[in-house]
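Notes follow once the structure below has been shown.
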Amino acid sequence: MNDEAATFCVTCPRSLYADEAGRYICRPCEQRIDGDLLALAGPGGLYARLCLRIHPGRSGDGPSVAGTRTAPVPVRLDVLSLTANGGIVSTLETWVEDWATYGLAQVGAGGGLQYRVDQAITTLRLNLTRAAAAHPALDEFAREIWQLRRQCEGGINGEPRPRRIPVACPCGTVLRVTLDTPGRQCGGCGVQYGHDDLFELPIAERNAA
Ligand SMILES: [Zn+2]
Ligand SMILES: [Zn+2]
1 MNDEAATFCV TCPRSLYADE AGRYICRPCE QRIDGDLLAL AGPGGLYARL
51 CLRIHPGRSG DGPSVAGTRT APVPVRLDVL SLTANGGIVS TLETWVEDWA
101 TYGLAQVGAG GGLQYRVDQA ITTLRLNLTR AAAAHPALDE FAREIWQLRR
151 QCEGGINGEP RPRRIPVACP CGTVLRVTLD TPGRQCGGCG VQYGHDDLFE
201 LPIAERNAA
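The sequence shown begins at 1 in the numbering used here and counts up by one.
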């Protein structure tokens with residue numbers, strides 16, 4: 001057995017099994033990342049559904065602006081910034097370009113936004129298993145893909161919900177924080193974390209204590 005190699009998944013606190021030796025992430029984390037990617041893709045995916053929410057009145061769930069004197073905002077800027085060039089598609093394509101330098105992805109040839117999103121996700125999913133053992137920044141990748149998913153779900157549901165994210169302090173304490181949490185002191189060891197520090201911590205398993 002391999003005793004000296006790094007034996008912890010970089011995206012959750014779980015130890016790697018012997019047959020996961022040489023990987024950066026455990027198989028459940030790989031499946032979770034793959035699920036997040038899959039959820040974003042395709043005509044019925046989160047990205048496509050978010051695009052339908054750019055115009056707030058159209059789906060009948062936005063606040064009524066009739067009767068107000070100020071001109072209604074014609075688009076939801078929060079949704080537009082996610083769905084336009086520079087938003088989700090660019091986050092995905094930046095990772096594709098990064099992975100391509102490791103021989104882990106094929107850079108796409110452009111096209112419409114939905115096509116580019118789907119292309120990027122296809123190549124990332126295709127190469128995820130190899131990346132699990134070859135790409136040192138998979139924790140950052142996992143976190144960004146997870147955030148894209150949450151941002152889409154928040155946009156589709158009308159407002160960004162402050163989801164609680166379980167992150168693991170090295171002392172073993174799980175801190176539940178939201179993207180709006182300015183900072184937090186660990187109740188276990190007393191270390192004070194700033195906002196950015198919190199999101200440098202590995203994400204804890206969903207069912208962790
Ligand atoms: Zn893991
Ligand atoms: Zn702690």
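Glycine is no exception: its CB is placed at the ideal position from the N, C-alpha and C atoms.
Residue i to residue j span [Cα, whole Å]
{"i": "alanine 133", "j": "proline 202", "result": "18 Å"}
{"i": "leucine 138", "j": "alanine 131", "result": "8 Å"}
{"i": "leucine 113", "j": "threonine 83", "result": "8 Å"}
{"i": "glutamine 192", "j": "leucine 124", "result": "36 Å"}
{"i": "cysteine 169", "j": "phenylalanine 199", "result": "11 Å"}
{"i": "threonine 101", "j": "asparagine 85", "result": "22 Å"}
{"i": "aspartate 78", "j": "glycine 111", "result": "23 Å"}
{"i": "isoleucine 88", "j": "arginine 143", "result": "14 Å"}
{"i": "alanine 18", "j": "proline 43", "result": "39 Å"}
{"i": "glutamine 147", "j": "proline 74", "result": "26 Å"}
Neighbourhood of residue i by C-beta, 8 Å cutoff - its chain only, sequence neighbours within 5 removed
{"i": "isoleucine 121", "result": "Leu37, Leu38, Leu40, Ala41, Leu92"}
{"i": "phenylalanine 8", "result": "Arg14, Ser15, Leu16"}
{"i": "threonine 181", "result": "His195, Leu198"}
Rounded distance between the beta-carbons of residue j and residue i, thought under 8 Å
{"i": "valine 12", "j": "alanine 204", "result": "Here the sequence assigns cysteine to residue 12, which means valine is not the residue at that position. Contact holds; Cβ gap of about 6 Å."}
{"i": "leucine 175", "j": "arginine 184", "result": "6 Å"}
{"i": "leucine 128", "j": "isoleucine 33", "result": "6 Å"}
C-beta neighbour in chain C for residue i, strict 8 Å
{"i": "threonine 123", "result": "You won't find chain C in this structure, because it holds only one protein chain."}
Contact under 8 Å by Cβ, residue i with residue j
{"i": "glycine 188", "j": "threonine 178", "result": "no"}
{"i": "alanine 105", "j": "valine 117", "result": "no"}
{"i": "arginine 27", "j": "isoleucine 156", "result": "no"}
{"i": "histidine 195", "j": "tyrosine 24", "result": "no"}
{"i": "cysteine 171", "j": "leucine 46", "result": "no"}
{"i": "glycine 103", "j": "glutamine 119", "result": "no"}
Cβ shell of residue i (< 6 Å), same chain only, five flanking positions each side left out
{"i": "leucine 221", "result": "Since the first residue shown for the chain is 1 and the last is 209, residue 221 is missing from the structure and cannot be characterised."}
{"i": "tryptophan 99", "result": "Ala105"}
{"i": "arginine 150", "result": "Arg163"}
Chain-order list of residues whose beta-carbon lies under 7 Å from that of residue i (same chain, five-residue window excluded)
{"i": "arginine 49", "result": "Ile156"}
| Beta carbon nearer than 6 Å to a non-hydrogen atom of ligand 2 | Any heavy atom of ligand 2 counts here; residues with a Cβ closer than 6 Å to one of them, in chain order, are Cys169, Cys171, Thr173, Cys186, Gly188, Cys189, Val191.
| request: Using the beta-carbon of each residue, find all residues closer than 7 Å to any heavy atom of ligand 1 and list them in chain order. | output: Of all residues, those with a beta-carbon under 7 Å from at least one heavy atom of ligand 1 are Cys9, Thr11, Cys12, Arg14, Ile25, Cys26, Pro28, Cys29, reported in chain order.
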